[in-house]
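Undergrad: Residue numbers (the working numbering): 6 to 329.
Beta carbons are placed, not taken as given, at the ideal position from N, Cα and C, and that holds for glycine.
The model shown is predicted, which means the values in this text are computed figures rather than measured ones.
One structure follows; several queries about it will come next.
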């Protein structure tokens, strides 16, 4: 009975791993060039992959503070190299905090052709080209909208941000996020992008391990070569705007069969029905044997060992019966 149970468990494990190998087709590779966590700085007190300026202050054991809770401050943080991945996921933890009932103005996430330029749009330059996502905490003139408000804008390099109306004229998509400031759980954002497919933003601020979809955009025109950054500003009202960590991943589909038609492309969620695939350039070694492949090899080895053990046990039992 014990041998039967062992054999059944191995068969069930084999089925689950085979299902993973078939269904878990989209995988990821961490991008060190666009990720950071504490202590943020190298041994020489510099960052290899990021520049920062303005009023930004780095506390190596806690956060990168774009602005303190003081009036008329602004700061920025930008990658030194552009993000060129075709399909990617960016997750970052942030914290907006301060004292009093009046506060502002917010911070921004950027994927733009411009980089490291201080300006009047949440601490960065106006008339940008690329993607800006604004975590706006103060309502200027936008009736009917609950603040804090998170919105996306695709800049063409010529259009100015509608600051007087909190970006109403520029909004591509957005959502209200009441409770994102001074939250009781870690506040995070997760941005997932498939080229010529979809851009999705999810927020984590309500409950532990609960992600809320803020928006999903079809066919966004994000520059293929863009710098990733963050910026923030305060005016007459103020807040602490902190970035805790950033984790960027390159999404790809490994070569499953080795044939010339299977080139490791990721299918965009919006184009799966059309069979259109988009390639994600990955570093060397990305198309090798993945976790599923190694698990499958280990399982096969385990099945061989278990089969040998079952055969030997049956042979020994038969021999003992013949002896008596």
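1. Is it right to say residue 71 is buried, meaning 16 or more other beta carbons lie within 10 angstroms of its own, or is it exposed?
2. In chain order, which continuous runs of the beta strand (DSSP E) of length 3 or greater are located wholly inside the segment 109-136?
3. Would you be able to state if there are at least three C-beta pairs under 8 angstroms between the segment 224-244 and the segment 121-128?
4. Determine the closest residue to residue 165 out of 148, 209, 175, with distance taken between C-alpha atoms.
5. Could you tell me the alpha carbon to alpha carbon distance between residue 183 and residue 154, rounded to whole angstroms?
6. Measure the CB-CB distance between residue 113 and residue 137 and report whether it falls below 8 angstroms.
7. Look up residue 248 in the DSSP assignment and say whether it is helix, strand or coil.
8. Could you tell me if residue 157 is buried or exposed, where buried requires 16 or more neighbouring beta carbons within 10 angstroms of its beta carbon?
9. Taking Cβ positions, are residue 103 and residue 243 nearer each other than 8 angstroms?
10. So residue 145 and residue 169 are in contact, right, with Cβ under 8 angstroms, and what is the actual spacing, rounded?
11. Pair every Cβ in the segment 95-111 with every Cβ in the segment 46-59, then say whether three or more of these pairs are closer than 8 angstroms.
12. Note down the Cα distance separating residue 198 from residue 115, rounded to an integer number of angstroms.
13. Check whether the segment 87-97 and the segment 197-216 touch, using three or more Cβ-Cβ pairs below 8 angstroms as the test.
14. Using a Cβ-Cβ cut-off of 6 angstroms (strictly less than) and excluding sequence neighbours within five positions of residue 5, which residues of its own chain qualify?
15. Starting from residue 95, follow the beta strand (DSSP E) in both directions and report where the run begins and ends.
16. Starting from residue 223, trace the beta strand (DSSP E) both ways and give me its first and last residue.
17. My understanding is that residue 181 touches residue 150, with C-beta atoms under 8 angstroms, so please give their C-beta distance in whole angstroms.
18. Could you please give the first and the last residue of the uninterrupted beta strand (DSSP E) stretch that includes residue 155?
19. Using beta-carbon positions only, say whether residue 74 and residue 189 come within less than 8 angstroms of one another.
20. On the CB-based measure, 16 or more other CB atoms within 10 Å of its CB, does residue 95 come out buried or exposed?
21. Report yes if the CB atom of residue 215 is closer than 8 angstroms to the CB atom of residue 203, and no otherwise.
22. If we ignore side chains and look at the alpha-carbon of each, how far apart do residue 254 and residue 83 end up?
23. Using only alpha-carbon positions, find the residue among 252, 309, 118 that is nearest to residue 226.
TA: Short version:
1. buried
2. 111-117, 123-126
3. yes
4. 175
5. Residue 183 and residue 154 have their alpha carbons spaced roughly 8 angstroms apart.
6. yes
7. strand
8. Classification of residue 157: buried, given that the 10 Å Cβ count is 16 or more.
9. yes
10. 6 angstroms
11. no
12. Each residue's Cα considered, the two are about 14 angstroms apart.
13. yes
14. Absent from the structure is residue 5, since the part of the chain shown begins at 6 and ends at 329.
15. Following the DSSP letters along the chain, one finds residue 95 inside the beta strand (DSSP E) bounded by residues 92-102.
16. 217-223
17. 7 angstroms between Cβ atoms; contact.
18. 154-161
19. no
20. Label assigned to residue 95: buried.
21. no
22. 17 angstroms
23. Put simply, of 252, 309, 118 the residue whose alpha carbon is nearest the alpha carbon of residue 226 is 118.
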